[in-house]
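What follows is a set of notes on a single structure, which appears directly below.
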Amino acid sequence: MGLFTRRAVAVEPKHLRLPAPRLGAVGRRPIDWDIVPARATIVPSASADACEKVDVRLVPAESSALQLGAPVEQTSASPAHAPGIMRPVAAPSADLTATGDTGPSLRDRLRLLLSPPLDALLPSGGSVLDWPGDPLPFQIDGVRVLVSKPEVLLADDMGLGKTIQAIAALRILFHERAVESALVVAPASLVYQWRGEIKKWAPELRVSTVRGSAQQRTMAWAYPAHVFVTTYESLRSDHTAEMNCGPRRRTWGVAILDEAQKIKNRDTAASAACKSLPRLRSWALTGTPLENSVDDLASIMEFLQPNVAGETLSPLPVDLSLVERHRELQLRRRKSDVLTELPPKRLHSVMLDLTPAQRRAYDKAEQQGVVDLQARGESISITHVLGLITRLKQICNFCPASGESAKLADLRERMEVLRAEDHRMLVFTQFTDGSFGVEAIARGLSEFGPLSYTGAMSQEQRHSTVGRFKDDPTRGALILSLKAGGQGLNLQEASYVVHFDRWWNPASEKQAEDRSHRMGQTSSVDVYTYTCSDTIEERIADLLEAKQRLFDTVVDQVSMDLDRVLSAEELFGLFGLRPPQKSAPQAPAVRSPKYAEMTGREFEEFVDGLFRSLGYDTELTQASRDGGVDVIARRDDVVGVTTTLYIQCKNHAAPIGVEVVRAIAGVVPVDDPGGRAAVICPTGFSTEATRFAEQRGVQLFDGGRLAELLARATAGSAERSS
Amino acid sequence: MSIPFRSVGEDDVRVAAFLRVIRDDAGGYDGVLFVMNPKGEPLEFVYSRIETPRTLLWRRHDLRRRAARELTSALFSAATSRPSVIFAKADEVEPGFFVSEIETPVATCRVASQMASVSTGADEQGEDMDAEGLHLLWSSGSPEDGSAERALVESLQSAGLLTEPFERAEAGLREARGEDVSGLGAVH
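In the order they appear, the protein sequences are chains X and U. Counting in our numbering, the first sequence runs without a single skipped number right up to 722 at its last residue. Counting in our numbering, the second sequence runs without a single skipped number right up to 1188 at its last residue.
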């Protein structure tokens, strides 16, 4: 019961004759009680005491039993009121339900004012709503933000419960009647998960899953549900220019994009369909709002624009306003900040030598491939290079002739040890076939009861596979294709993750790892990444590292440094080739100076000069009072955001430990959002120092990165002089 | 032949009412009775106003007491809900009000901050809510453990809804009156 909530009032009994169920009927569910829209009656009740009464109840619209008081005639004041002593005020006779030109009716305004406050609804102890669990404080903060703001980019790290936060916020909005419908667009592999979580966290909300054949989807769009869950593919198919097509038939109270990086490409039909959904609120959920370039972010930000009419909006420019808007809308929490109790994730890079048969096959394929590329002359394209890379990566997995695999041999050894301790493993690979990918790995691990999960499987098969892996501890490994299984799944049952081969995108790899390393995980998670030495994989690893730096810089620091975007030059450079269109001046060979022969001050001056030649405005602090900072380097990037590095120079003979990094981490002024601490030490850093720096966003420059900077500085000056 | 039954559920739902009596600078009093369920969802909102004479013949204390009585009786007679507990602010309703001015079989409770200096009636039973910093002053004895009234109080307490609805009631009154009454308060 409730003034603005559910109340069923008996109407005239009716006999309903229900049709017998038909087998094979299209996905109909049992019909629950339908709470029809309220017809509220606000009755000015003029009792003898001249009281204004506002009483509203929910009743079926067709009912005639709602008369809580037809307008009651005005009567004179109660005899209890002695005339002349107290004068009751006459009740107004106006229709309080009326909505005039002046705005919402009094009933609507009171509904808002008298509803429980947000804090009483949030899923915390003592909430007036029944919640199935107690979210963590940062999740409650996320719910509060989602409820309060119409456009939100929820960019929490993977595994922090973005789905639950969104559902909790949805439930509150429905409870407050702030929204009447919601659309969730998610990757196909996550549809079941959304349904399950909604059922758990918002059981009173009806869900319609829009997928399957065109006929099924048409029916699903028309189903009287609160929340519609669909896939990007279904949305793209059903979204037409007609305003009454399924996705555009109504103005959605909330439109949610899960794994919103799916619309990173502005030019795809799915991206355009998402952006032209008529909606009052737009939420984008993704742990990786930027995968490759700033354009990815711009495309997501275009979705986060008000668009009640569902119009096609013009693209956003990639400039300072984008950064400001991003800063305004993004809510991002990192695991290391909010989940201090989450077990650690340990990263292990496993460098392997190819087996002799693999090496022969590899060398032959690479030599032949490079010859083929060179033979193409000016007609060569990135596609050709990518084709060769793919071929070489396959050979790094398995020898095409003998089937030998250094990686599989290592993996089998690890599995034997892990299974003896009842540990379980997720193995990710880019490939799905029986020669180089999922099936080949599963075959090689057959005695460990592996299960396979690929995009070739139906959604039902995938759902079943995940269920079997969760429920059956004898299944030692789940082999997943990175593309199909890298997102959204909750697989805390496994505490070991293996990247059998590398993917272009570190963000995708991290997403895959976080299938296991997420809330609910009780064990530490070990991630093993295979790299075959002296192969294309080793060269790709260097590129991945650079891309991770781009992600850290742009997403976490809300600043933009476009230098690290993967370029055609980098791709061709993997094979010592150049793109045909450009002929950049050859950078001269650079030799690192002999750091060991420098004094401390000389090393600081060297660093100062290095960053100046990289385009920074630098300031060498006084030797006597540097406060830990030796060089301050500032630079405005391409969109005008100032980045400041507070650098400590350590020209030590041995790698420096975590104490130095910890000391420098706190020197960035709080009023400098573009500021980052950095430590430079040619001899490198301890493992603990590196881990600490990763967690705290401190930039570390060892001898290798110094050489990179030196090369860039030299190349830049050579380019300018030419 | 009908099936014998008893509808279980809604009939058993206990609701709480929050009473406000607010004096304004113009010399009148506004009264609000805000009824809600244990989840804080509004069920009924009844409001009224009474204007008091500007005369020296009335002592302020008597005027206030009379206004509160007339307003409360008007609100109660107009309300259709039957709450299990009626809460009022101790600084707006005098001690003994629910005994000597208004008699009701419903459990009534004046709510006061533990920080405030509030006079209590001889027949009132106090109850401390230390976690909330509140005194509950029950006019006819505090509800027994296990009673429906006690369950309602505990439910409101756990949801932080022992005093917050007073604010909602005033906000609703302000909206209904179409004027800012935030500056109004009870006469002490």
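A virtual CB, placed ideally from N, CA and C, is assigned to each residue, including glycine.
| query | result |
| --- | --- |
| Counting only runs that start and end within the segment 156 to 197 of chain X, where is the beta strand (DSSP E) found for 3 or more residues in a row? | 182 to 186 |
| Please state whether DSSP places residue 398/X in a helix, a strand or coil. | coil |
| Bridge partners for residue 441/X per DSSP, in chain order? | Looking at the DSSP assignment, residue 441/X forms no beta bridge with any residue, so it has no partner. |
| On the criterion of 16 or more Cβ atoms from any shown chain inside 10 Å, does residue 1115/U qualify as buried, or is it exposed? | exposed |
| For residue 741/X, which three-state DSSP category applies? | Residue 741/X lies beyond the range of chain X shown here (1 to 722); nothing can be said about it. |
| Could you list which residues in chain U have their beta carbon closer than 7 Å to that of residue 203/X, in chain order? | Chain U residues near residue 203/X: none, gap ~15 Å exceeds 7 Å. |
| In whole angstroms, give me the CA-to-CA distance for residue 477/X and residue 1165/U. | 55 Å |
| Relative to the C-alpha of residue 1044/U, which candidate in 1128/U, 1094/U, 1018/U has its C-alpha closest? | 1018/U |
| Would residue 177/X count as contacting chain U if we go by Cβ distances under 8 Å? | no |
| Cβ of residue 128/X within 8 Å of Cβ of residue 137/X? | no |
| Here's the rule I'm using: 16 or more other beta-carbon atoms within 10 Å means buried, otherwise exposed. How should residue 486/X be labelled? | buried |
| Please go through the same chain and pick out, in chain order, the residues whose beta-carbon is closer than 6 Å to the beta-carbon of residue 27/X, but skip the five residues on each side of it. | Summary for residue 27/X: the model assigns pLDDT 26, below 50, so the residue's position carries little reliability; its value from the coordinates is reported in the next sentence. So no residue of the chain qualifies. |
| Could you have a look at residue 698/X and say whether DSSP puts it in helix, strand or coil? | coil |
| Let me know the secondary structure DSSP gives residue 1015/U once reduced to three states. | coil |
| Taking only three categories from DSSP, how would you classify residue 1118/U? | coil |
| Please list the residues of the segment 1117 to 1149 of chain U that have a C-beta atom closer than 9 Å to any C-beta atom in chain X, keeping them in chain order. | none |
| Tell me which residue opens and which closes the alpha helix (DSSP H) that residue 1061/U is part of. | 1060 to 1078 |
| Tell whether a beta-carbon distance below 8 Å holds between residue 409/X and residue 532/X. | no |
| Residue 128/X versus chain A: which residues are under 8 Å apart at the beta carbon? | Going by chain labels, chain A is absent from the structure shown, which instead holds the protein chains X and U. |
| Hey, how far is the Cα of residue 736/X from the Cα of residue 315/X? | The requested residue 736/X is not part of the displayed model; chain X covers only 1 to 722. |
| Can you confirm whether the segment 415 to 428 of chain X touches the segment 466 to 480 of chain X when touching is taken to mean that 3 or more C-beta pairs between the two stretches lie within less than 8 Å? | yes |
| Under the three-state reduction of DSSP, which class applies to residue 246/X: helix, strand or coil? | helix |
| At a CB-CB cut-off below 9 Å, which residues of chain U make contact with residue 115/X? | 1040, 1041, 1042, 1168 |
| Do the segment 1045 to 1054 of chain U and the segment 1087 to 1095 of chain U touch if we need at least three Cβ pairs shorter than 8 Å? | no |
| DSSP has residue 1086/U in a bridge; who is on the other side? | 1017/U, 1108/U |
| Just list the beta strand (DSSP E) runs in the segment 328 to 361 of chain X, keeping only unbroken ones of 3 residues or longer that don't cross its boundaries, in chain order. | 345 to 352 |
| State the Cα-Cα distance for the pair residue 609/X and residue 496/X, rounded to the nearest angstrom. | 45 Å |
| Flag this pair as yes or no: are the beta carbons of residue 501/X and residue 650/X separated by less than 8 Å? | no |
| Please look up how many angstroms separate the CB atoms of residue 218/X and residue 188/X, rounded, as I've assumed it's under 8 Å. | Not a contact, Cβ separation roughly 19 Å. |
| For residue 173/X, go through chain U and note every residue whose CB falls closer than 8 Å to its CB, in chain order. | By Cβ distance, chain U contributes nothing, its closest Cβ being about 15 Å from residue 173/X, past 8 Å. |
| Select from 1014/U, 1169/U, 1176/U, 1173/U the residue whose C-alpha is nearest the C-alpha of residue 1085/U. | 1014/U |
| Distance check for residue 153/X and residue 1028/U, CA to CA, integer angstroms please. | 50 Å |
| At a CB distance below 9 Å, what residues from the segment 142 to 163 of chain X approach chain U? Give them in sequence order. | none |
| Give the straight-line distance between the Cα atoms of residue 662/X and residue 577/X, rounded to the nearest whole angstrom. | 42 Å |
| Quick check on the burial criterion: 16 or more other C-beta atoms within 10 angstroms. Buried or exposed for residue 1076/U? | buried |
| By DSSP's criteria, residue 646/X is part of a beta bridge. Which residues make up the other side? | 632/X, 677/X |
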